[in-house]
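Novice:
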Amino acid sequence: MKFNRPFFIKIHLYLSALASPLLLMMAFTGVSYLLGFKGSEVVEPIKVVQLSKSELTKENISVQLNEIDESYDFAYVKQVGDGAITRPTTRDYYKFQIKEDGTHISHVKPNLLKRLIELHKGHGPQFLRYIEKIIGIFLLLIILSGLYLAYTMKKERKIVGILFLIGLSVYLFM
3 MKFNRPFFIK IHLYLSALAS PLLLMMAFTG VSYLLGFKGS EVVEPIKVVQ
53 LSKSELTKEN ISVQLNEIDE SYDFAYVKQV GDGAITRPTT RDYYKFQIKE
103 DGTHISHVKP NLLKRLIELH KGHGPQFLRY IEKIIGIFLL LIILSGLYLA
153 YTMKKERKIV GILFLIGLSV YLFM
């Protein structure tokens with residue numbers, strides 16, 4: 003196998019094709035979020051129980067959720083300011099909010115945009131977070147192979163180098 007221009011073109015194209023669905027979703031959700039479109043959730047109060055913040059453990063939450071929905075499964079519990087939530091939040095999840103009269107348990111149903119934004123934030127299933135790490139490596143290889151390919155084109159070398167330095171300076175000086 004030769005590490006020549008045709009090899010890098012194939013690497014660049016194949017990795018781009020493989021990574022583009024996730025990268026497009028990341029771009030869409032990132033722009034949506036920054037423009038103020040953050041998705042929505044339907045929060046349905048279920049019941050009030052007597053649990054303190056220190057009692058909001060995976061075991062205690064599992065006991066409470068088994069009484070509500072025996073088929074519900076979650077990966078872990080995330081402690082938040084006034085309680086806890088179950089993860090992943092890329093699908094229906096439960097929120098435990100501590101208030102004066104007890105801990106309120108609510109069923110939360112995020113809409114599609116909210117689910118995708120949660121995925122973008124890395125709050126999805128463990129397997130998908132693993133895939134996102136691989137796609138991140140692909141993105142690095144796509145960019146590096148693209149820069150290499152631009153460098154091998156004498157007519158484009160200078161302008162690509164200048165544009166790269168401009169892009170780099172934007173991030174360094176912000």
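Heads up: the sequence shown runs through residues 3 to 176, numbered per our numbering. All residues carry an ideal CB built from backbone N, CA and C; glycine is no exception.
Whose C-alpha, out of I145, L121, I144, is nearest the C-alpha of E134?
Specialist: Reading the sequence shown from its first residue, position 132 is the one you call residue 134. Closest by alpha carbon: L121.
Novice: Assign R117 to one of two classes, buried (16 or more other C-beta atoms within 10 Å of its C-beta) or exposed (fewer than that).
Specialist: As a first step, residue 117 must be located in the sequence shown, where it is residue number 115. So R117 counts as buried.
Novice: First and last residue of the beta strand (DSSP E) that includes R89?
Specialist: Here residue 89 corresponds to residue number 87 of the sequence shown, with the count starting at 1. Start and end: 85-89.
Novice: Tell me, please, which residues DSSP counts as bridged to Y35.
Specialist: Here residue 35 corresponds to residue number 33 of the sequence shown, with the count starting at 1. Note: Y35 sits in no beta bridge, so no partner.
Novice: Let me know the secondary structure DSSP gives S73 once reduced to three states.
Specialist: Locating residue 73 in the sequence shown gives position 71, where the first residue counts as 1. Looking at S73 - three-state DSSP - the assignment turns out to be coil, as it is neither helix nor strand.
Novice: Enumerate in chain order the residues of its own chain whose CB-to-CB distance from N68 is below 6 Å, with the five nearest sequence positions on each side excluded.
Specialist: Translated into positions along the sequence shown, residue 68 becomes position 66. Excluding sequence neighbours, N68 sits near nothing in its chain.
Novice: Are the stretch 100-114 and the stretch 10-27 touching, with three or more C-beta to C-beta distances below 8 Å?
Specialist: Segments in contact, no.
Novice: Tell me the rounded alpha-carbon separation between G148 and Y74.
Specialist: As a first step, residue 148 is located in the sequence shown; it is residue number 146 there, counting from the start. As a first step, residue 74 is located in the sequence shown; it is residue number 72 there, counting from the start. If I take the Cα positions, the gap works out to 45 Å.
Novice: Ignore the nearest five residues each way along the sequence and tell me which others in G126's own chain have a CB closer than 6 Å to its CB.
Specialist: As a position in the sequence shown, residue 126 is number 124, starting the count at 1. So the list reads P90, T92, once near-sequence residues are dropped.
Novice: From what residue to what residue does the beta strand (DSSP E) around S108 run?
Specialist: Here residue 108 is taken as the residue at index 106 of the sequence shown, counted from 1. 104-112 is the span of the beta strand (DSSP E), which, as asked, contains S108.
Novice: How many Å lie between T88 and M155 at the Cα?
Specialist: Numbered from 1 along the sequence shown, position 86 holds the residue referred to as residue 88. Numbered from 1 along the sequence shown, position 153 holds the residue referred to as residue 155. Answer to the nearest angstrom: the Cα atoms are 51 Å apart.
Novice: How is P47 classed by DSSP in three states: helix, strand or coil?
Specialist: What you label residue 47 is simply residue 45 of the sequence shown in a count that begins at 1. Three-state DSSP puts P47 in a strand.
Novice: Run through DSSP, which three-state label would K4 get?
Specialist: By 1-based counting over the sequence shown, the position of residue 4 is 2. Correct three-state label for K4: coil.
Novice: State buried or exposed for K70, treating a residue as buried only when at least 16 other CB atoms are found within 10 Å of its CB.
Specialist: Along the sequence shown, one-based indexing puts residue 70 at 68. A quick correction: the sequence has Ile, not Lys, at residue 70. Counting Cβ neighbours within 10 Å, I70 comes out exposed, since fewer than 16 surround it.
Novice: For the beta strand (DSSP E) holding Q81, just list the boundary residues, first then last.
Specialist: By one-based count along the sequence shown, residue 81 stands at place 79. Residues 78-82.
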